[in-house]
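> If you count by our numbering, then the sequence shown holds residues 2 to 341, one letter each, in order.
Each residue gets a CB set at the ideal place from its N, CA and C atoms; glycine is no exception.
I have a structure here, written as structure tokens, and I will follow up with some questions on it.
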Amino acid sequence: MGLLKHTIRRLLISLISIFGLIIIIFILSRALPGDPIWFRLPSKATWDDYYAERARLGLDKPVLYQLMVFISDLLTGNWGFSYVVAKDADVWWLVAFYLPRSLEVMIISMLLAIGLGILFGKVSAKRPNSFWDYIIRVMTYFIMSIPAFVIIVFFILLYVNTPFKIFPLYGYKTIYYPDPTYITGFPLIDSILAGQLYLFFDLVWHLIIPISAMMIIQMVAIIRQTRSSLLEIIQMDFIRTAKAKGLSNRKIIKKHAMKLAMPPIITISAMGFPVVLGGMIAVEVAYHFVGIGYMFREAMKFKDYSVIIAFIFMLGVVVISFNFITDIINGFLDPRIRFK
């Protein structure tokens with residue numbers, strides 16, 4: 002019952018957050034520089050055309066009426082059409098097509114970062130101040146001091162200065178290969194479901210460098226959190242009792258400490274998710290990987306406001322949903338969180 006109440010409470014908070022996000026987007030959309038109406042009209046449009054388009058969009062109505070229409074359109078997927086990035090394309094279709102591509106890279110890189118981050122954090126915490134502990138800590142501090150875009154550029158330079166070009170640097174597939182049959186929108190999953198295994202391996206080959214860059218950006222924070230959480234838990238009385246009974250550090254960490262350490266590890270992973278979204282834009286632009294980040298950058302460049310608004314809304318919903326799932330997982334792992 003406690004978990005159900007916790008879930009309902011977090012769901013209500015998430016819905017309120019989405020409503021607040023919509024209000025902020027509405028205010029910002031009215032404060033953006035330039036007039037998007039002129040971008041929607043032909044180059045030889047007159048003022049009569051301008052006022053007609055303004056009336057058609059409802060921008061001559063009171064602000065409260067505009068807000069109600071804005072909320073209704075966002076929640077029903079009526080996001081208009083792109084007038085620069087993808088001429089006359091439905092923005093809903095653009096988001097549905099490009100968002101899964103980016104989510105696939107972000108989710109895979111995050112899962113790898115969590116797995117490797119916990120592994121290195123455990124190695125570091127098992128033998129504090131040992132040789133491997135120092136190596137892991139120095140590596141962590143060094144990577145954390147490097148801006149994300151430098152890590153992305155490093156992989157490009159590594160590719161350019163390596164005599165053997167093992168991994169492809171640009172694009173998400175070989176240029177003359179067809180796109181995977183659209184089923185779920187996630188290219189790797191679609192290529193498997195469609196039986197296009199040659200395309201699946203080609204996609205994996207192209208994703209190794211972008212995923213590696215994203216993984217390293219996320220992994221260092223998880224290593225630090227895992228190490229600090231485990232070292233703190235190991236000092237607790239019940240752990241000392243377990244040690245007095247003769248249990249090894251390995252068994253103590255595996256059976257007792259890791260369960261208590263997981264909520265803060267999951268929380269730090271969720272807190273880093275918005276940073277991952279920002280890093281995804283840089284990764285897609287640097288590696289010419291056409292996903293949601295690349296399209297968002299193009300929309301910002303050409304002031305395609307319909308696309309900008311839709312992308313900000315969807316990315317905000319993704320972050321809020323991710324935090325909601327994180328809260329539920331933490332509530333399941335740690336009963337104390339449910340009753341706060």
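1. Would you kindly work out how many angstroms separate the C-alpha atoms of Phe143 and Thr327, rounded to a whole number?
2. Which residues mark the beginning and the end of the alpha helix (DSSP H) in which Phe323 is found?
3. Please look up how many angstroms separate the CB atoms of Ser270 and Met111, rounded, as I've assumed it's under 8 Å.
4. Count the other CB atoms, across all protein chains shown, that sit within 10 Å of the CB of Thr227; report buried if there are 16 or more and exposed otherwise.
5. Using the beta-carbon count (16 or more within 10 Å), is Ile240 buried or exposed?
6. Rounded to the nearest angstrom, what separates Ala90 and Ile224 at their Cα positions?
7. Look up Asp91 in the DSSP assignment and give the residues it is bridged to.
8. If contact is defined by three or more beta carbon pairs under 8 Å, each pair taking one atom from either stretch, is the region 122 to 141 in contact with the region 303 to 318?
9. Does Ser249 come out as helix, strand or coil in the three-state DSSP assignment?
10. Please check the pair Trp206 and Pro179, which I expect to be a contact at CB under 8 Å, by giving their CB distance rounded to whole angstroms.
11. Over the uninterrupted alpha helix (DSSP H) stretch that includes Met272, give me the two end residues.
12. Counting Cβ pairs, one atom from each stretch, are 3 or more of them under 8 Å apart for the region 73 to 93 and the region 246 to 255?
13. Counting C-beta neighbours from all protein chains within 10 Å, is the total for Pro148 16 or more, i.e. buried, or is it exposed?
14. Thinking just about the alpha-carbon of each residue, which of Glu285, Arg31, Asp74, Ile72 is nearest to the one in Asp61?
15. Look at the Cβ atom of Pro211, then the Cβ atom of Val284, and state whether they are nearer than 8 Å.
16. Output the distance between the C-alpha atoms of Ala87 and Ala287, rounded to the nearest integer angstrom.
17. Run through DSSP, which three-state label would Pro101 get?
18. For the candidate residues Ile329, Asp203, Ala195, Leu22, whose alpha-carbon lies nearest to that of Met263?
19. Buried or exposed for Gln219, going by 16 or more other Cβ atoms inside 10 Å?
20. Exposed or buried, what is Pro101 when buried is set at 16 or more other beta-carbons lying within 10 Å of its beta-carbon?
In short:
1. Working through the sequence shown from its first residue, we reach residue 143 at position 142. Working through the sequence shown from its first residue, we reach residue 327 at position 326. If you take the alpha carbons of Phe143 and Thr327, they lie about 28 Å apart.
2. As a position in the sequence shown, residue 323 is number 322, starting the count at 1. Note, Phe323: alpha helix (DSSP H), 306 to 334.
3. Taking the sequence shown and counting its residues from 1, the one referred to as residue 270 is at position 269. Taking the sequence shown and counting its residues from 1, the one referred to as residue 111 is at position 110. The pair is a contact, with the Cβ atoms about 7 Å apart (cut-off 8 Å).
4. Stepping through the sequence shown from its first residue, residue 227 is reached at position 226. Under this definition Thr227 is a buried residue.
5. Here the question's residue 240 lines up with position 239 in the sequence shown. When all chains shown are included, Ile240 counts as buried.
6. The sequence position of residue 90 within the sequence shown is 89, counting from 1. The sequence position of residue 224 within the sequence shown is 223, counting from 1. Taking the straight line joining both Cα atoms gives about 43 Å.
7. Locating residue 91 in the sequence shown gives position 90, counting from the first residue. Bridge partners of Asp91: Phe82.
8. Segments in contact, no.
9. Numbered from its first residue, the sequence shown carries residue 249 at position 248. Correct three-state label for Ser249: coil.
10. As a first step, residue 206 is located in the sequence shown; it is residue number 205 there, counting from the start. As a first step, residue 179 is located in the sequence shown; it is residue number 178 there, counting from the start. So it is not a contact: roughly 16 Å between Cβ atoms.
11. Residue mapping note: residue 272 aligns to position 271 of the sequence shown, counting from 1. It spans 259 to 272 - the alpha helix (DSSP H) in which Met272 sits, taken as one unbroken run.
12. no
13. As a first step, residue 148 must be located in the sequence shown, where it is residue number 147. Exposed.
14. For the purposes of this step, residue 61 is identified with residue 60 of the sequence shown, where counting begins at 1. Out of Glu285, Arg31, Asp74, Ile72, Arg31 has the C-alpha closest to the C-alpha of Asp61.
15. As a position in the sequence shown, residue 211 is number 210, starting the count at 1. As a position in the sequence shown, residue 284 is number 283, starting the count at 1. Going by C-beta atoms, Pro211 is nearer than 8 Å to Val284.
16. Indexing the sequence shown from 1 puts residue 87 at position 86. Indexing the sequence shown from 1 puts residue 287 at position 286. Spanning the two alpha carbons is a distance of roughly 21 Å.
17. Reading the sequence shown from its first residue, position 100 is the one you call residue 101. Helix at Pro101.
18. Residue 263 sits at position 262 when you count from the first residue of the sequence shown. Out of Ile329, Asp203, Ala195, Leu22, Ile329 has the C-alpha closest to the C-alpha of Met263.
19. As a working note, residue 219 is residue 218 in the sequence shown. Buried, because 16 or more other Cβ atoms sit within 10 Å of the Cβ of Gln219.
20. Walking along the sequence shown from the start, residue 101 turns up at place 100. A residue is called buried when at least 16 other Cβ atoms come within 10 angstroms of its Cβ; Pro101 meets this threshold and is buried.
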